[in-house]
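Residue numbers (our numbering): 2 to 320. Where a beta carbon is used, it is the ideal one built from N, C-alpha and C, also for glycine. Model, not experiment: these values are computed from the prediction. What follows is one structure encoded as structure tokens, with my remarks underneath.
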């Protein structure tokens with residue numbers, strides 16, 4: 002269902018947001034995922050032209066990154082162990098007597114020692130074929146360790162915002178009217194952002210000249226910049242005479258397929274660099290007649306302020 006009511010003519014349109022206005026081409030739900038990635042899949046070119054292995058390894062979840070490193074280590078050594086085994090025991094000196102499984106196991110251990118250049122020496126190649134393969138494996142090990150070291154350093158040093166956002170945006174009382182608000186906080190103890198700026202835009206589906214299209218608007222904020230943010234920040238868009246949400250109900254939000262786009266940028270002293278963060282709220286993540294509860298308190302001795310991060314999403318229903 003489209004939005005048949007007219008948008009507030011005093012709203013500030015934003016045609017530079019980067020998304021199409023042709024609703025017939027938009028089939029994939031939200032524009033921006035909660036983690037800030039774009040809800041987009043690219044096709045039409047080969048996978049190897051589209052993929053960026055280095056970037057993907059830098060952005061993988063930690064458990065996946067570690068799993069890939071460990072899996073690669075075992076697979077590459079297994080492959081070299083198979084090559085040594087196929088070359089035959091005569092190519093190696095120091096192999097213990099035993100069944101084929103024991104011989105293969107010792108060749109696998111030899112491969113791990115060669116790959117990491119440990120080289121304990123109780124097994125060593127004597128044939129030209131095994132010597133050539135072990136030399137190639139040592140080179141592969143050097144390069145692999147260098148790449149892995151670079152990736153690990155890149156993951157540790159990559160600037161991150163370390164911000165946590167409320168799960169919902171709320172429509173609730175603000176001064177003498179209402180406003181749309183969400184909040185976020187820096188979750189790391191040492192990562193305090195300074196010179197922090199926030200921009201908020203909205204995309205919504207409207208009926209214009211008997212055709213459905215998406216229109217985008219920049220939303221005015223109570224405050225769009227703070228000098229530092231050691232605590233939490235509740236970002237508020239006042240719903241006033243300049244807001245595209247003037248007169249909107251919860252059903253209007255749904256019918257218009259509303260999505261709020263959040264963009265943050267600030268300076269992190271730990272990284273000595275600017276960091277940024279994207280996220281969004283769709284109409285079903287916008288709750289009406291709610292307000293956030295305070296998420297900080299004073300310590301018992303009155304000497305320090307305590308930020309209660311577990312209350313980031315806690316809100317209450319207004320009567």
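In the structure shown, residue 225 falls within a coil segment according to DSSP collapsed to helix, strand and coil. Across the structure, residue 57 and residue 195 are spaced so that their CA atoms are roughly 29 Å apart. The distance from the Cβ of residue 297 to that of residue 308 is about 5 Å, consistent with a contact at the 8 Å cut-off.
With a contact defined as Cβ atoms closer than 8 Å, residue 278 and residue 164 qualify at about 5 Å. Taking every protein chain shown into account, the CB of residue 157 has fewer than 16 other CB atoms within 10 angstroms, so this residue is exposed. Counting C-beta atoms within 10 angstroms of its own C-beta, residue 162 has 16 or more neighbours from the protein chains shown and is therefore classed as buried. Our two residues, residue 105 and residue 75, have alpha carbons roughly 14 Å apart in a direct line. When DSSP assignments are scanned along the stretch 123–187, the uninterrupted stretches of beta strand (DSSP E) that are 3 or more residues long and fall wholly within it turn out to be 164–166, 170–175 and 178–187. Rounded to whole angstroms, the separation of the alpha carbons of residue 140 and residue 112 is 12 Å.
DSSP, read as helix, strand or coil, puts residue 252 in helix. DSSP places residue 318 in the uninterrupted beta strand (DSSP E) bounded by 316–318. In the DSSP assignment, residue 233 falls within the beta strand (DSSP E) that extends over 233–240. Linking residue 35 to residue 267 through their CA atoms gives a straight-line distance of about 19 Å.
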